[in-house]
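Data block below; observations after.
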Amino acid sequence: GQQVQQSPASLVLQEGENAELQCNFSTSLNSMQWFYQRPGGSLVSLFYNPSGTKHSGRLTSTTVIKERRSSLHISSSQTTDSGTYLCALDPGTGSNRLTFGKGTKFSLIP
Amino acid sequence: EAAVTQSPRNKVAVTGGKVTLSCNQTNNHNNMYWYRQDTGHGLRLIHYSYGAGSTEKGDIPDGYKASRPSQENFSLILELATPSQTSVYFCASGDVGGADAEQFFGPGTRLTVL
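Residue numbers (my numbering), protein chains in the order written: chain A, 581 to 690; chain B, 887 to 1000.
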């Protein structure tokens, strides 16, 4: 089965609202990495979060290993936040090879 | 800031032709990776490397070879390109280890095989 399940698949909000994106995982985790991708663009790393909560501007990442979940919170969303958000599980094990979720396509209504 | 570059950025190839995608990183990271991204499949790992001279198979290695001649450079080789290999290819680098193995991605190469 799928090792990393990301939800929702798409999310449409009005500018100024808060967004919550979720990843659930079924295998052992060394860390969860969150990325942002514009259409046709590359992956920009937002967080590398093995456990607990990390903040960066309006973004917050929380990883709870016991509950097998990691979340990304976007506060006061802006039109520039539109794009796709991807989570990727790093199992460690030396190779640190990532397993990606399918992504959340995030759109803002001005 | 991590720096990973890829060349070419766009490539059109013919079926049966040989294609080489190149990746360079200036982070002195040990590990390097090649992924492809396709609608409906997301990002999938093709090959990776632990360091110069090392190549390992990822989840979808069939039809691809890899080469790591130095710490900085990692190439993906399609000996006999097929239309099913039309995709966007990303290279990434990362350090080995537990708490600090964040991966950094290059800008991507859009490959079209006709």
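Idealized CB from N, CA, C, for every residue including glycine.
For the beta strand (DSSP E) that contains residue i, what are its first and last residues?
i, result
"B/D924", "N917 to D924"
"A/T607", "Looking at the DSSP string, A/T607 is not in any beta strand (DSSP E), and its letter there is neither H nor E."
"A/D670", "G663 to D670"
"B/I963", "N959 to L964"
"A/K682", "Neither: A/K682 is in no beta strand (DSSP E) and is coded neither H nor E."
"A/L593", "S590 to Q594"
"A/S650", "R649 to I654"
"A/S641", "L639 to V644"
"A/G632", "G632 to S636"
"B/L997", "T995 to V999"
"A/Y628", "L623 to N629"
"B/H927", "First-last for B/H927: undefined, no H or E at that position."
"B/K904", "First-last for B/K904: undefined, no H or E at that position."
"B/G980", "S973 to G980"
"B/D912", "A quick correction: the sequence has Thr, not Asp, at residue 912 of chain B. Looking at the DSSP string, B/T912 is not in any beta strand (DSSP E), and its letter there is neither H nor E."
Does the Cβ of residue i have 16 or more other Cβ atoms within 10 Å, making it buried, or fewer, making it exposed?
i, result
"B/I932", "buried"
"B/N1073", "With chain B represented from 887 up to 1000, any question about residue 1073 of chain B goes unanswered, as that position is not in the structure."
"B/E988", "buried"
"B/T995", "buried"
"B/R895", "exposed"
"B/G992", "buried"
"A/G683", "buried"
List the residues of chain A that residue i touches, going by C-beta distances under 7 Å, in chain order.
i, result
"B/P993", "S622"
"B/G944", "R677"
So that I know if they touch, is there some Cβ in chain A lying closer than 8 Å to that of residue i?
i, result
"B/A889", "no"
"B/Y919", "yes"
"B/Y950", "no"
"B/G939", "no"
"B/L997", "no"
"B/L931", "yes"
In chain A, which residues lie less than 8 Å from residue i when you measure between Cβ atoms?
i, result
"B/F976", "S622 and L623"
Residues in its own chain within less than 6 Å of residue i by CB, not counting five upstream and five downstream?
i, result
"A/T607", "Q583"
"B/I963", "T906 and K951"
"B/N959", "N910"
Going along chain A, which residues have a C-beta under 9 Å from residue i?
i, result
"B/V982", "G674, S675 and N676"
So which residues on chain B does residue i lean against when the C-beta distance must stay under 9 Å?
i, result
"A/S655", "The contacting residues do not exist; A/S655 stays about 23 Å from chain B at best."
Name, please, each residue of chain B whose Cβ falls closer than 7 Å to the Cβ of residue i.
i, result
"A/Q613", "E988 and Q989"
"A/Y665", "Per Cβ cutoff of 7 Å: no residues; A/Y665 is ~12 Å from chain B at best."
"A/Y628", "E988"
For residue i, go through chain B and note every residue whose CB falls closer than 8 Å to its CB, in chain order.
i, result
"A/G683", "G928"
Considering only residues of the same chain and omitting the five flanking positions on each side of residue i, which have a CB-CB separation below 8 Å?
i, result
"B/T972", "L997, T998 and V999"
"B/K904", "I963, L964, E965, L966 and A967"
"B/T900", "Correcting the residue identity first, residue 900 of chain B is Val in this sequence and not Thr. Excluding sequence neighbours, B/V900 sits near A967, V999 and L1000."
With a cut-off of 8 Å, does the C-beta of residue i fall near any C-beta of chain B?
i, result
"A/D670", "yes"
"A/F702", "Shown here, chain A extends from 581 to 690; a query on residue 702 of chain A therefore has no answer."
"A/F680", "yes"
Who are the Cβ neighbours of residue i in its own chain at under 7 Å, not counting the five residues just before and after it?
i, result
"A/P690", "E595 and T659"
"A/F605", "Q583, V584, R648 and L669"
"B/V898", "T998 and L1000"
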